[in-house]
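Below: the structure, in structure tokens.
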Amino acid sequence: MRTNIILPLLLCIGFVTLQGAASVEAENLKIVITSFDSSNAAVYLPYHTGLYKKHGLDVELVYIGSSTMALQTLISGQVSVSVGAGGTVIRANLGGADLVMLAGFLQTLPYSLIASTKIKRPEDLKGKTLGVSRFGSASDDAARLLLKALNLQPGRM
Numbered sequence: 021m022r023t024n025i026i027l028p029l030l031l032c033i034g035f036v037t038l039q040g041a042a043s044v045e046a047e048n049l050k051i052v053i054t055s056f057d058s059s060n061a062a063v064y065l066p067y068h069t070g071l072y073k074k075h076g077l078d079v080e081l082v083y084i085g086s087s088t089m090a091l092q093t094l095i096s097g098q099v100s101v102s103v104g105a106g107g108t109v110i111r112a113n114l115g116g117a118d119l120v121m122l123a124g125f126l127q128t129l130p131y132s133l134i135a136s137t138k139i140k141r142p143e144d145l146k147g148k149t150l151g152v153s154r155f156g157s158a159s160d161d162a163a164r165l166l167l168k169a170l171n172l173q174p175g176r177m
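Take a look at the structure:
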């Protein structure tokens, strides 16, 4: 019975919040996105369809191709909101930042390991270089998880 009350309650809170937002002047928001793929569609589609303006938000999208750099920009106060990987938010807070993560869009790491045809087994990766976008980034986290799952250690491949 308790779960039957939660959804209507959340909808009412959301409705009241949106009603209040509609009555104020347009708020300027700079939102950082880190890629133009489906993981950020919930941010850039409302921008391109005018949905933000319809609800009183004057949004400027800023592209920064790295979650790590995007969070640095957010922490510095140059932007209002950043979209990026949850791991980078956690790492920033562990380092002393005071960030709040509102939502997670992905429940998996959207990465694939692409290798030459000479790589047939995990052991074939020994002595090879694995590329990531930036140390401390989501791709770095994903690569380290992959190597751990394959019983390989970064720097000892």
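Quick note: the sequence shown uses this note's numbering, first residue 21, plus one each step. We treat Cβ as the ideally placed atom computed from N, Cα and C, and that holds for glycine.
In the DSSP annotation of this structure, the continuous segment of the alpha helix (DSSP H) that includes L165 starts and ends at 158-169. Residue environment for S159: buried (at least 16 other C-beta atoms within 10 angstroms of its C-beta). Judged by their CB atoms, T54 and V103 are nearer to each other than the 9 Å cut-off.
A distance below 7 Å between beta-carbons, with the five flanking residues on each side excluded, links K73 to no residue of its chain.
Buried is the label assigned to N60, since at least 16 other Cβ atoms lie within 10 Å of its Cβ. In the three-state reduction of the DSSP assignment, L71 falls in the helix class, which pools H, G and I. With distances taken between CA atoms, L81 lies nearest to V52 out of V52, L94, I95, G70.
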